[in-house]
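J.: Below: one structure in structure tokens.
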Amino acid sequence: MRQSLLSISPRTLHALEQYAIRSSTAISPLLKQHFEWTQKTFADGDRSSSLPQAQWMMDLAKKVRPHRVLDIGCYTGLSAIAWHEGTAETEAMVRRPSSSIDPTVHRRPDKQTFPQIHTIEKDPVFARTARESFERLGCEKRVTVLEGTAQDM
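Residue 131 in the UniProt record's numbering sits at position 131 of the sequence shown, and the numbers go up by one each step.
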């Protein structure tokens, strides 16, 4: 989040972030480590989602329990990691057509699985960085990086 565009003072912003962190879903050490790595490694690290934003995504994922997530603008992958963690306990039902001839039974739960996260990144360097991060953090089975623009997809 580009903090330089906000109209509140850095001190107020810091106080609000600390309040949000204390009042929201806990951030895992791996997610926090990835956020800090992004901030230290990239000069434009403020393009990344903030930790309070990641907490909000995790809270939303737990409430909504999505079957699929589409993240547009992956950067280094922080928001996709937040969605991955927020959906870790969600068991989405994958539905397949029923073989029943009963017309009232259109589909039946057939298999338990975890939600898939698809993230789009147009910059090949950041797409590769995100893929490497997902592999390092063990997210690669449920997070897919699509390289290109949202319009291309």
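All C-beta atoms, glycine included, are put in the ideal place defined by N, C-alpha and C.
Isoleucine 120 by DSSP, collapsed to three states: which one?
T.: Three-state result, isoleucine 120: strand.
J.: Quick one: what does DSSP say isoleucine 72 is sitting in, helix, strand or coil?
T.: strand
J.: Are the stretch 126 to 143 and the stretch 60 to 68 touching, with three or more C-beta to C-beta distances below 8 Å?
T.: no
J.: Considering only their Cβ atoms, is the gap separating glycine 77 from leucine 57 smaller than 7 Å?
T.: For the sequence presented, residue 57 should be read as methionine rather than leucine. No, these two residues do not count as a Cβ contact at 7 Å.
J.: Starting from glutamate 89, follow the alpha helix (DSSP H) in both directions and report where the run begins and ends.
T.: Here glutamate 89 belongs to no alpha helix (DSSP H), and DSSP marks it neither H nor E.
J.: What runs of the beta strand (DSSP E), each 3 residues or longer, lie entirely inside the stretch 127 to 151?
T.: 143 to 147
J.: Near alanine 82, which residues of its chain fall below 6 Å by C-beta distance, leaving aside the five closest residues on each side in sequence?
T.: Ala54, Met57, Met58
J.: Does DSSP classify histidine 14 as helix, strand or coil?
T.: In this structure, histidine 14 counts as helix in the three-state DSSP scheme.
J.: Pick from Arg136, Ser133, Leu137, Met153: whose alpha carbon is nearest that of lysine 122?
T.: When the alpha-carbon of lysine 122 is set against those of Arg136, Ser133, Leu137, Met153, the nearest one is in Met153.
J.: For threonine 119, is the classification buried or exposed, using 16 other Cβ atoms within 10 angstroms of its Cβ as the cut-off for buried?
T.: Answer is buried; the Cβ neighbour count reaches 16.
J.: Rounded to a whole number of angstroms, what is the C-alpha to C-alpha distance between leucine 51 and lysine 32?
T.: 7 Å
J.: Specify the secondary structure class of aspartate 44 as computed by DSSP and reduced to three states.
T.: coil
J.: Buried or exposed, going by whether 16 or more other CB atoms sit within 10 Å of the CB of threonine 12?
T.: exposed
J.: If we count the other Cβ atoms within 10 Å of its Cβ and call it buried at 16 or more, is arginine 131 buried or exposed?
T.: The residue is buried, with at least 16 neighbouring Cβ atoms inside 10 Å.
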